[in-house]
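In this note's numbering, the protein residues as written are -17 to 243.
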Amino acid sequence: MVKPSKQIIRPYGDRRDDGVVQLSFTLPVPLSEKAKEAAAQFARKMGFSDVKVAAAERAADSYTFFIVYAHTSVSLDYAEVDVPEVIVKKMGFDDLNVFIQEKVGRRIVVFGACTGTDTHTVGIDAILNMKGYAGDYGLERYPWFEAFNLGSQVPNEDLITKALAKNADAILVSQVVTQRDVHKDNSRQFIEAAKARGIHGKTILLLGGPRVDHKLALELGFDAGFGPGTKPSDVANYVAHAVLKKMGKEDPNAHYQGEPT
């Protein structure tokens, strides 16, 4: 295997490779000149130089929000950055339905929910509801998908039980709330439950949310992860190809990276 050429990169501010970055953070002190100096010193302690506090605003009683510009000497070789990605040749709405009809030969059953104590359904609704998101139809609109949206605050066990009752091909877990990594804890609990019920490695398990990416999903034990900007058709195409692969009929146009071992 030929090793790729080095591609050294640094942050860009006013000119290429000047190393200028913008930081934002909040400190638990009231707005004052002393607070601004504290923010500057904080940035210097993180290893930045030429620090400038561009903005400071009261965030709440005894809290100040800062925007800081600073310089870093850190660089990295972009050619050595390796991250798993979901890569599938994407088809349009009509073509995908024909693909499922001809290749799979039946409707693909998908269950989705925002599990745990999370009450937010905006993500799972965008993917599953008929209207979809940004002009992209949700899975309920596809004739060759049978989609079930269980909503929010669904216990992991309940989602698995209902999915099993319908012989679901795929389960979509949405996690919106991320404070103190609660999304990771709940996702791990889901995977533990999936293993206990014997569906891990058999049913396609997907994780989605604003702080989710494919790498995190793989680390937690899911088959794929979808983050901000994901459209329903992205998920639909992935699931269709994944079902085909489970059937031993993998489409040569589909390409998967970073699958769990």
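Where a beta carbon is used, it is the ideal one built from N, C-alpha and C, also for glycine.
Nothing here was measured: the structure is a model prediction, and the numbers come from that model.
Ranked by Cα distance from G133, the options W126, R40 and N111 are led by N111. In the three-state reduction of the DSSP assignment, E232 falls in the coil class, being assigned neither a helical nor a strand state. When secondary structure is reduced to three states using DSSP, F204 falls in the coil class, being assigned neither helix nor strand. The bridge partners DSSP lists for N131 are G94. Excluding its 5 nearest sequence neighbours in each direction, A20 has C-beta neighbours in its own chain below 7 Å: L9 and V11, listed in chain order.
In the DSSP secondary-structure assignment, H182 is bridged to T185. In the DSSP assignment, I49 falls within the beta strand (DSSP E) that extends over Y45 to H53. For a cut-off of 8 Å, the C-beta gap from T97 to V136 is around 5 Å, short enough to register as a contact.
A Cβ-Cβ contact shorter than 8 Å links I(-10) with S57. In this structure, Q171 sits near N138, with a CB-CB distance shorter than 8 Å. Nearest neighbour of A108 by Cα position, chosen from L154, K16 and K231, turns out to be L154.
Taken atom to atom, the span from the alpha-carbon of Y(-6) to that of Y124 is near 44 Å.
V50 sits away from A41, with the two beta carbons spaced by 8 Å or more. Here the alpha carbon of G94 sits roughly 7 Å from the alpha carbon of I106. As the crow flies, the alpha-carbon of G1 is around 10 Å from that of F30.
Listed as beta-bridge partners of K34 by DSSP are Y51. Beta-bridge partners assigned by DSSP to R40: T46.
Following the DSSP letters along the chain, one finds V80 in no beta strand (DSSP E) but inside the alpha helix (DSSP H) bounded by residues F75 to F81. Going by DSSP, Q23 is part of the alpha helix (DSSP H) stretching over E15 to K27. Residues A38, E39, R40 and T46 of the same chain have their beta carbon placed closer than 8 Å to that of L13, with the five preceding and five following residues left out of the count. As the crow flies, the alpha-carbon of I173 is around 50 Å from that of E15. When A17, M73, D43 and A206 are compared, the shortest CA-CA separation from H182 is found for A206. With contacts defined by Cβ atoms closer than 8 Å, H165 and V70 do not form a contacting pair. Straight across, the Cα-Cα distance linking S(-13) with H102 is about 45 Å. Here the alpha carbons of V86 and E232 stand approximately 10 Å from one another.
Going by DSSP, A147 is part of the alpha helix (DSSP H) stretching over N138 to A147. The Cβ-Cβ distance between V225 and D118 does not fall below 8 Å.
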